[in-house]
Amino acid sequence: MNEYLIIFLVGIVPCLIVGIWQTCVGCLVINRARKSLDWQVARGKLTPAQDTFAGDEVAFHVQNTLQLSYQVGEQNYHCQKLNLYENWKRRTSFFQQLSPAQAVPVYYNPAKPQEAVIERGIKPHYWLPLVLGVSSLTMALLGSYFLILS
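With the sequence shown counted from 1, adding 62 to any position gets you the numbering used here.
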């Protein structure tokens with residue numbers, strides 16, 4: 063009986079916990095990306111970066127020297143995010159391809175105008191947390207099934 067308890071605690075419970083967590087995160091990521099399809103567009107212009115970050119932008123990596131500035135109503139905002147969940151190396155190469163005179167469409171959240179992205183919608187890698195979560199839950203359920211059978 064002890065070996066079944068160990069199998070349950072070491073194999074099945076962690077898969078359940080990780081599976082539930084990853085599935086919830088995956089659903090939130092996909093839901094947020096779907097909502098971004100309804101965001102409004104503003105015209106952005108390339109400007110030198112400031113030290114202040116708007117919205118949920120976190121600067122834990124090397125800062126860019128450029129950012130996109132856009133205006134909503136009378137208020138000016140700044141954006142450095144390429145998409146909702148991004149790779150900062152890809153963002154750096156994207157900004158290097160732009161010229162200062164070039165206008166770029168910036169999509170912003172109407173409820174929170176400081177939250178903006180350059181590319182909106184669901185990207186293929188957004189499905190990864192959901193797939194990992196469902197896989198982990200499936201492993202936990204199969205493990206439980208075979209544990210009950212033995």
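Quick reminder that beta carbons are idealized off the backbone N, C-alpha and C, glycines included. Computed from a predicted model, the values in this text were never measured in an experiment.
Residue environment, C86, which counts as buried when at least 16 other CB atoms sit within 10 Å: exposed
Short CB-CB distance (under 7 Å) between C89 and chain C: Absent here is chain C; the protein component of the structure consists of one chain.
Alpha helix (DSSP H) segment containing L211, residue limits: DSSP places L211 inside the alpha helix (DSSP H), whose first and last residues are 190 to 211.
DSSP state of L67 mapped onto helix, strand, coil: helix
Meets three-Cβ-pair contact criterion under 8 Å: the segment 185 to 195 and the segment 65 to 72: Here the segment 185 to 195 makes no contact with the segment 65 to 72; the two share fewer than three CB pairs at distances below 8 Å.
Per-residue DSSP class, three states only, for L160: coil
Separation of E177 from Y132, as counted between CA atoms: 11 Å
Sub-7 Å separation of Y23 and A95 beta-carbons: The question about residue 23 has no answer, for the chain in this structure spans 63 to 212.
Whole-angstrom distance between Y147 and L90, CA atom to CA atom: Between L90 and Y147, the C-alpha separation is close to 12 Å.
Buried versus exposed call for I180 [16 or more other C-beta atoms within 10 Å across all chains shown]: buried
C-beta atoms of Q137 and Q129 nearer than 7 Å: no
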